[in-house]
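Quick note on numbering that gives the first Met the number 0: the sequence shown kicks off at 0 and runs consecutively.
Beta carbons are placed, not taken as given, at the ideal position from N, Cα and C, and that holds for glycine.
These numbers come from a predicted model, not from an experiment.
Heads up: the structure comes next, in structure tokens.
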Amino acid sequence: MFSWLRDRADDAFDWSRRHWTQAAVPLGIALFAGLIVQSPFQRAFSVYHPGEIARSDIKAPAKMLVVDEDLTRKRQARAAEIINDVYDYDSQLAQQLSARVTRAFESARQELNKKSEAGTIASFKELLGINISQDHAQKIYNSGFARRVQKALEIYLGAAFNHWITDKAIEPQDESKSFSVRDLFTENEVILSGKDFESQVLSLDQVRDKIAKDPIVEKKLVRLIPADLKNSILKLAQDLLSSNLSYNQIESSARREEAKKRIEPAIVEIAKGEMIIREGERVERKHLLLLDALKNLQETRADLTSYIGFVLLLFVLIFVLYGIGARNFKRFRLSAKDHLVLGGFSIISIALVAGLNTTFEAALSRALSGHPVHMLLPFAFVGMSLRLFTSIEIVFFFSILFATCVAWLLKDPYMARTALIVSITGAAAMRHITQRMDVLLAGFIAGIVQSILVCLGVIMGLTESIGLESQWMDLAATFGLSVASGILAAGLCMFTQPLIEFLGYTTDLRLMELSNTNHPLLRELIMNAPGTYFHSFAVSQLSEKAAEAINANPLFARVASLYHDVGKLKKPQYFIENIQGENRHDKLVPSMSALIISNHVKEGIDLAESHKLPRAIVDCIPQHHGTALISYFYDKAKQNIAEGEEVDERDFRYPGPKPQTKEAAIIMLADAVEATAKSMSHASMDQLKQRVNQTIRRFFLDGQLDECELTLKDLNAIGNAFVNVLQGIYHQRIDYPHLQKGPTGDNDDDDEHSTIGSVVKRASTKRP
């Protein structure tokens, strides 16, 4: 049990060592991309104070809705000001006071003959709840608490309570101001203007003076009480008065707070790209408001929760896309080095675009005021640069990741979709680059596509990059900026080419440089092994056309063919295309000849590496022979051995490996077909086609094509391409009598490999 667990643990450890990059690189991309996009990377402002001078232009990186706190408070204050002061009116106070007066007088009348004078007066005062002077109390007592005295008191009180009475005098009121008088018992509410409130509401002192001088009251009292008793009753009425109207501070404040709550916050809407403050402008309160909002926006972007969410989103997206690609696309096969390089390239690309976004906003916002500066961002750069050394499937994969980051960075989903399409367009335009102008053309095409997409988005209202009120005026500028972004992407792409090549990847531009005959290896071939060079040149023509026929890389196939036999430079005289006289193989045993022939592979690798040829071309040197049998020397060795002995076939096979790519397999077939075709004179189209098919079939049956991705359909297309090229080269070939067929070293009509076979075959016929 324990041994089984240990074995499983060892297997898991071995797997993790082999595949750690498949998990580490996606996680690294997600983490670093999150830091770039989510951190305050694009902060284009400094801390300012009122009165300072702005040091640079600052624009809103996204649409912002800013709450103007000061303006909101002012609006709330205005709303609170128009709320009426609330006064509570005690409508039952007059009735309650009248009942108390009635009770006091009736009680006093009943006690006149039962209590002493002092006792009756004291009881009277107590029931009224006031303390009147002894003189006035005595006069009322002397009246016997008569009903006419009670009636006179009620007349005074009734006249007084015809008014709203407050404790203090009301100050002069503005006509625009209103007051709410609320009945405490009925809850009815009366709204009074400032002037009405001022005239209808009296203070206690004002009411006391008013009833003392009221002519109506005087007229009623003339016949009711004698003059000497009038002052005592008036004094009693004045003492009994109290306010029936009081200011309700709590209710007034509550209503004002409710009014404030009903006021919506004052929102200042800032469009994306709108100028917040210009360089050299004096900082005012309105600027500080927007700068604070911008700071909060950046801090929100840097929020830990948002960062974690974005990282998880990218991580899941990478694994999903990688799983789909690895299972459905043959060219989606990445080594550990590829994982690391592509991961680093992705992070650098995202950082570059984010950095340029900040730089353009700071440096160009003033010159391009009112126009979307981020249209100048090189969205095509990712696809174009990746296409220099990877397949279109991988470009599509990373373009989706890039577009996701753009969506988060610019807060504009439509621009993210535009970035995706433009990146793929740039990659598609980079399919076969033969000169630097092709890179610029690809960038221009991507820029045109971007400009069309952006303009359509503006017209259809799918993006907020340009204000609708000025969209037609800005379309031309947007178009120009988009085209310029494509040119910028092309420039950056050419700038990154040396870095890509330094990392060991082969670009089309590098291949074009290697196809120049001024390259030291090719010059050496021309000078020291001209036959090998012309053979390689013919193979390159065959390989290029065959690669075009099956949608492989024709440029790589052509250039790799030029270098596939550079190993023959070490011993050019042992290969027939370079022999002018005696065939040196005649003096060697077959095993030695086979060793020399096969050794040109190893020597070719050494030469290619010393001249720093791309790894992909170096790999084609051993693969173009695979593990094919050097049949001529193998057969010769079997003929020369003594009876009963055996020849080890492995000593007469190339070391391999077999072709791993379509291009390497094409070079193998072209190498053999070219040499085979040379041995044919005045061949018809059918004969040429038959010989080509026989050669291809031999390699197929020998298993040399087992490890590449060529299909039977591809082999048929390759054969047809070979025939078309060979017919143009050899249809006028003259059969010279002195060039007779001889023994083959590698391959004649029945050999495994026609190149070396024809070499040795022709060499053996040229001996004197």
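Buried or exposed by the 16-neighbour rule on C-beta atoms within 10 Å, applied to residue i
i	result
residue 720	buried
residue 711	exposed
residue 753	Its pLDDT being 37, under 50, residue 753 is placed unreliably by the model, and the measurement read from it follows with that caveat. So residue 753 counts as buried.
residue 731	Annotation note: pLDDT 49 at residue 731 (below 50); position unreliable, no value reported.
residue 111	exposed
residue 576	buried
residue 443	buried
residue 694	buried
residue 750	Only weak support is given to the placement of residue 750: the predicted model assigns it a pLDDT of 39, under 50, and the value that follows is read from those uncertain coordinates. Residue 750 is buried by the Cβ-count criterion.
residue 215	exposed
residue 705	exposed
residue 75	buried
residue 113	exposed
residue 718	buried
residue 319	exposed
residue 449	buried
residue 64	exposed
Integer-rounded CB distance, given that residue j should sit under 8 Å from residue i
i	j	result
residue 606	residue 565	5 Å
residue 665	residue 488	In fact, because the Cβ distance is near 32 Å, the residues do not count as touching under 8 Å.
residue 609	residue 563	In fact, because the Cβ distance is near 16 Å, the residues do not count as touching under 8 Å.
residue 90	residue 184	6 Å
residue 178	residue 306	Incorrect: roughly 57 Å between the Cβ atoms, too far for contact.
residue 654	residue 597	7 Å
residue 234	residue 135	5 Å
residue 243	residue 164	5 Å
residue 149	residue 100	7 Å
residue 521	residue 568	Rounded, the Cβ-Cβ distance is 11 Å, inconsistent with contact.
residue 239	residue 92	Actually they do not touch by this definition, with Cβ atoms about 11 Å apart.
residue 67	residue 288	6 Å
Given residue i as reference, the closest of the options once Cα atoms are compared
i	options	result
residue 383	550, 428, 57	428
residue 707	678, 660, 670	660
residue 311	268, 182, 260, 404	404
residue 457	411, 442, 71, 485	411
residue 263	628, 73, 705	73
residue 293	61, 550, 656, 51	61
residue 392	328, 440, 285	328
residue 506	387, 533, 615	387
residue 161	425, 288, 209	209
residue 627	650, 440, 511	650
residue 376	396, 479, 344	479
residue 416	433, 436, 398, 97	398
residue 237	203, 267, 257	203
residue 171	151, 198, 152	198
Euclidean distance between Cα positions of residue i and residue j
i	j	result
residue 16	residue 504	Low local confidence applies: a pLDDT of 48 at residue 16 is under 50, so the model's placement there is unreliable, with the coordinate-based value given in what follows. One C-alpha to the other measures close to 24 Å.
residue 589	residue 703	23 Å
residue 684	residue 727	11 Å
residue 620	residue 308	49 Å
residue 102	residue 126	7 Å
residue 342	residue 495	15 Å
residue 699	residue 544	20 Å
residue 578	residue 430	41 Å
residue 322	residue 358	36 Å
residue 414	residue 274	20 Å
residue 84	residue 407	52 Å
residue 632	residue 669	22 Å
residue 169	residue 81	19 Å
residue 144	residue 107	7 Å
residue 616	residue 400	31 Å
residue 138	residue 228	7 Å
residue 369	residue 278	Reliability fails at residue 369, whose pLDDT of 49 lies under 50, so the model's placement of it is uncertain and the value that follows must be treated cautiously. C-alpha separation (whole angstroms): 15 Å.
residue 574	residue 652	17 Å
residue 768	residue 439	Since the displayed the chain opens at 0 and closes at 767, residue 768 lies outside it and no answer follows.
residue 483	residue 445	10 Å
residue 338	residue 378	22 Å
Residues that DSSP places opposite residue i in a beta bridge
i	result
residue 178	84, 191
residue 246	86
residue 267	65
residue 274	58
residue 163	200
residue 52	281
residue 652	628
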